[in-house]
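Trainee: As numbered in my numbering, residues 21 to 432 make up the sequence shown, in order. All C-beta atoms in this analysis are idealised placements derived from N, C-alpha and C, irrespective of residue type, glycine included. So that we are looking at the same thing, I have put the structure below in structure tokens.
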Amino acid sequence: MSENTGALLIVQKYGGTSVGSIERIRNVARRCLATQRQGHRVVVIVSAMSGETNRLLGLAKQITEIPDERELDVIASTGEQVSVGLVALAIHAEGGKAVSLLGHQVRILTDSAFARARIQDIDARVIGAALDSGKIAVIAGFQGADKDGNITTLGRGGSDTSGVAIAAALKADACEIYTDVDGVYTADPNIVSTARKVDRISYEEMLELASLGAKVLQIRSVEFGMKYGVPIHVRSSFNDNEGTWVVPEEKDMESVMVSGVTATKDEAKITLHKIADAPGMQAKVFKPLADAGIVVDVIVQAYIQDGRTNLTFTLPAADLARAHDILVKQCTDIAAADQIKSESNLSKVSIVGVGMRSHAGVALKMFEILARENIHVHLISTSEIKISCVIEAKYAELAVRALHDGFELGKK
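Right, here's the structure in full:
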């Protein structure tokens with residue numbers, strides 16, 4: 021830690037839009053230097069320039085329709101390599117000192133699951149040495165290396181995870197996630213004109229919102245923050261406004277019944293009608309889907325009669341045809357093809373808030389609001405701090421607006 025009074029160790033992460041052009045890269049350099057000149061030690065994690073990762077993956081797809089994932093990671097990781105070099109040069113050009121570091125140079129150790137690797141360990145000594153010499157450490161997000169030295173990438177949004185994980189390894193005072201929005205909102209401002217920026221939100225609430233389609237933060241980055249107690253500050257790279265702090269749950273958060281409303285689109289559901297209500301039946305249905313990497317979400321089982329039950333679950337619409345085909349082929353001993361029905365064009369609308377633990381009647385209010393709009397609820401899923409309803413996709417935005425108004429989320 022610097023000897024300057026009040027000096028902090030701050031990790032800043034900049035997404036693809038924040039480094040999407042040379043002028044924006046210069047803006048990032050100026051922002052980093054402004055923080056350093058306040059007496060703080062600064063570590064910067066950057067993504068590839070916006071659109072660059074897709075361009076690189078597109079090149080690979082032109083070679084072969086199903087590229088080898090190890091080689092894909094070699095290709096995809098170069099986007100961040102360009103970004104860190106440019107940001108370091110921009111800091112030099114502004115009169116500062118910086119050094120660019122790739123994942124394997126920092127020694128971000130991951131497993132060998134190419135394209136979706138998970139961080140196992142970070143050796144912070146290289147970063148510490150750069151900071152001790154008065155430099156800003158500019159680190160490539162989204163990447164690491166496995167024990168054999170292979171380059172790995174962390175999956176979509178992985179730079180968020182890199183940022184929070186490095187902040188945890190360094191025991192940083194804060195991890196600032198710079199993006200193209202001002203922070204976390206009570207709903208998508210593009211859908212709800214009265215959506216309000218939230219000043220502080222708990223890790224648990226942010227995890228739920230991230231898993232339910234809010235694109236502000238990647239889920240694994242929130243998990244890292246929660247596990248290691250890293251305060252995360254989500255803010256805009258285009259202004260100096262205070263953003264949203266993602267922090268451990270605080271007492272006054274419980275007084276707010278609902279913190280946010282969100283909707284996921286492109287949902288689908290499959291129902292196996294009148295299957296035997298017997299032990300192990302669910303495992304027989306979901307094992308072939310899990311083996312195929314298909315993620316299911318809401319699961320509802322309803323007893324019919326005469327030892328028969330209906331088993332319904334939701335899944336991404338993109339996986340519907342494949343899942344239906346798998347069940348028809350591999351579950352013939354459970355259900356005939358005409359017993360397996362599917363439906364697409366669905367959406368899952370959800371309300372989230374730690375205050376639900378201490379407030380009665382939240383679910384009732386949600387159902388009443390949807391009923392007033394004549395919105396039919398197909399399925400319901402709940403947790404301690406979340407209620408989700410599966411509805412027809414065409415009503416998703418109406419439902420979000422109605423719930424936002426009904427729970428008065430536009431009011432401070």
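Contact between the segment 173–184 and the segment 146–164: three or more CB pairs below 8 Å?
Mentor: Yes, since at least three Cβ pairs between the segment 173–184 and the segment 146–164 fall closer than 8 Å, the two stretches touch.
Trainee: Which whole-angstrom value is the C-beta distance of V218 and T206, which I expect to be below 8 Å?
Mentor: Taking the Cβ atoms as the reference, V218 lies roughly 6 Å from T206, within the contact range of under 8 Å.
Trainee: With E363 as the anchor, note down where its beta strand (DSSP E) starts and where it stops.
Mentor: Looking at the DSSP string, the run of the beta strand (DSSP E) that includes E363 is I360 to V372.
Trainee: State yes or no: is the C-beta of E412 within less than 8 Å of the C-beta of H424?
Mentor: no
Trainee: How would you write the range of the alpha helix (DSSP H) that G245 sits in, first residue to last?
Mentor: I239 to Y248
Trainee: By the 10 Å Cβ neighbour count, where 16 or more other Cβ atoms means buried, how is L29 classified, buried or exposed?
Mentor: buried
Trainee: Helix, strand or coil: which one does DSSP assign to V236?
Mentor: coil
Trainee: Quick check for students: name the residue ranges of the beta strand (DSSP E) that lie wholly in the segment 364–427, counting only runs of 3 or more.
Mentor: 399–403 and 406–412
Trainee: Using the Cα positions of P87 and Q56, report the straight-line distance between them to the nearest angstrom.
Mentor: 42 Å
Trainee: Taking the alpha-carbon positions, what's the A341 to Q302 distance?
Mentor: One C-alpha to the other measures close to 20 Å.
Trainee: Given R328, which residues of its chain have a CB within under 8 Å of its CB, disregarding the five upstream and five downstream residues?
Mentor: K294, I295, A296 and D297
Trainee: Taking the CB atoms as reference points, tell me whether S370 and A337 lie closer together than 8 Å.
Mentor: Cβ atoms of S370 and A337: not closer than 8 Å.
Trainee: Inspect the beta-carbon positions of F427 and M277 and report whether they are closer than 8 Å.
Mentor: yes
Trainee: May I ask you to report which of helix, strand or coil DSSP gives E23?
Mentor: Note that E23 scores 41 on pLDDT, short of 50, meaning its location in the model is unreliable and no value can be drawn from it.
Trainee: Between S401 and the rest of its own chain, which residues show a CB-CB distance below 6 Å, the 5 nearest in sequence each way excluded?
Mentor: For S401, where only same-chain residues beyond five positions count, the Cβ hits under 6 Å are V318 and S408.
Trainee: Mapping DSSP to helix, strand and coil, what is E114?
Mentor: coil
Trainee: Whole alpha helix (DSSP H) runs in the segment 261–325 with 4 or more residues, listed along the chain?
Mentor: The qualifying runs are 301–311.
Trainee: Can you tell which of S182, T264, V146 and N259 has its C-alpha closest to the C-alpha of V31?
Mentor: S182
Trainee: Compare the C-beta of G40 against all C-beta atoms of chain B and say whether one is closer than 8 Å.
Mentor: Note that chain B does not occur in the displayed structure, where there is just one protein chain.
Trainee: Which term fits Y323, buried or exposed, when burial requires 16 or more other beta carbons within 10 angstroms of its beta carbon?
Mentor: exposed
Trainee: Could you tell me whether the segment 46–65 touches the segment 184–200, where touching means 3 or more Cβ pairs closer than 8 Å?
Mentor: yes
Trainee: Can the beta-carbon of S257 be found less than 8 Å from the beta-carbon of V104?
Mentor: Taking a C-beta distance under 8 Å as the contact criterion, S257 and V104 do not qualify as a contact pair.
Trainee: Can you tell which of R44, T84, T37 and E43 has the C-alpha that lies nearest to the C-alpha of E72?
Mentor: Ranked by Cα distance from E72, the options R44, T84, T37 and E43 are led by T37.
Trainee: Start and end of the beta strand (DSSP E) containing E72?
Mentor: It is not in any beta strand (DSSP E) - E72 instead sits in the alpha helix (DSSP H) that spans E72 to I83.
Trainee: Given a cut-off of 8 Å, decide if V126 and I142 are closer than it, judged by their beta-carbon atoms.
Mentor: yes
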